[in-house]
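Residue numbers (our numbering): 5 to 142.
Accompanying notes for the structure given below.
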């Protein structure tokens, strides 16, 4: 909670929105924690269903990662993040090319931490989330 309120590494204090109250920040952190707990439980369940796990590994779900991580900043445009579906905001980024977008998401850029702050996220999942957001802005 203190990291969210004061900032940590590449993450700005209060997600870059100084006007957020402590309660709003706490709710956002709790939402992300609950989403992370659900995502962490999924791989254990998938161990018993090898075909389902293989299908998931073959094609990462960009929407799922967006919904559980990326939306924390991209839904509201926190700290200058381009809002999901905002064609004008995404256009100059899209012009840089997909490889540049992948690199920014994987390595971090400005206030955006690498892999959205979760270094355990597979590169393929991050790229799928980038693809999902780019496609929504075209």
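Beta carbons: idealized from backbone N, C-alpha and C, even for Gly.
- Three or more Cβ pairs closer than 8 Å define a contact, and the region 23-34 falls short of that threshold against the region 121-129.
- Residue 63 is classed as exposed because its beta carbon has fewer than 16 other beta carbons within 10 Å across all chains shown.
- Ranked by Cα distance from residue 30, the options 12, 8, 107, 14 are led by 8.
- Under DSSP, residue 12 takes part in a beta bridge, and its partners are 15.
- Nearest neighbour of residue 109 by Cα position, chosen from 91, 78, 89, turns out to be 78.
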